[in-house]
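Each remark here refers to the structure printed beneath this line.
Residue numbers (the UniProt record's numbering): 1 to 169.
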């Protein structure tokens, strides 16, 4: 198994794959007569193809611990997909760019440690691993495309990868 190095999630590092959803370092403006700070458009919801529409769901991710094994990826060609933690659980995202033929480029595989106060929004077509909650079950708000049309492709990677971390970045 090849070792995949865990990186701290940042807006700049994740930009090729989507957006980081976080308050820290984001612009805001006051609403509700000044009693609330609105952090606006932290991610853009994409809905492509006929018969699709955006929906808000919740997902409960099983607990995982290090070392992690990664052997597959998925993508959603017809829409973006966001994961926003609700119960203070950090998580791991694994992403890869696409090759010209549309398959994932394993040479560009990256793993990010997502703090409990951050979320991610994968762009449509972004290759990513399914949800990995760290240490305990995690509850997440999911914003994505639902409706008709094929919107999930899965691939088995050519080799297995492992992620090890004594202390996440």
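Idealized CB from N, CA, C, for every residue including glycine.
Span of the beta strand (DSSP E) around residue i
| i | result |
| --- | --- |
| residue 19 | 18 to 21 |
| residue 61 | 52 to 61 |
| residue 147 | 138 to 147 |
| residue 134 | 132 to 134 |
Opposing strand residues paired with residue i [DSSP bridges]
| i | result |
| --- | --- |
| residue 121 | 19, 82 |
| residue 112 | 7, 93 |
| residue 68 | 163 |
| residue 35 | DSSP lists no partner for residue 35. |
Continuous alpha helix (DSSP H) stretch holding residue i: start and end
| i | result |
| --- | --- |
| residue 13 | 11 to 14 |
DSSP three-state assignment for residue i, whether helix, strand or coil
| i | result |
| --- | --- |
| residue 75 | strand |
| residue 106 | helix |
| residue 154 | strand |
| residue 160 | strand |
| residue 128 | strand |
| residue 30 | strand |
| residue 165 | coil |
| residue 47 | strand |
Note to self: Does the contact criterion of 3 or more C-beta pairs under 8 Å hold for the region 49 to 57 versus the region 114 to 121?
What the structure shows: Counting C-beta pairs with one atom in each stretch, the region 49 to 57 and the region 114 to 121 have fewer than three that are closer than 8 Å, which means they do not touch.
Note to self: Using 8 Å as the cut-off, can you tell me whether the region 57 to 75 makes contact with the region 132 to 140, which would need three or more C-beta pairs spanning the two stretches below that distance?
What the structure shows: Because the criterion of three Cβ pairs below 8 Å is met, the region 57 to 75 and the region 132 to 140 touch.
Margin query: Check whether the region 33 to 44 and the region 91 to 102 touch, using three or more Cβ-Cβ pairs below 8 Å as the test.
Written below: No, the region 33 to 44 does not touch the region 91 to 102.
Margin query: Three or more C-beta pairs under 8 Å: does that hold for the region 15 to 33 against the region 123 to 130?
Written below: Taking a contact to require three or more Cβ pairs closer than 8 Å, the region 15 to 33 and the region 123 to 130 qualify as touching.
Next item on the list: Assess, as a yes-or-no matter, whether the region 5 to 13 is touched by the region 73 to 91 under the definition of 3 or more beta carbon pairs within less than 8 Å.
Entry: The region 73 to 91 vs the region 5 to 13: no contact.
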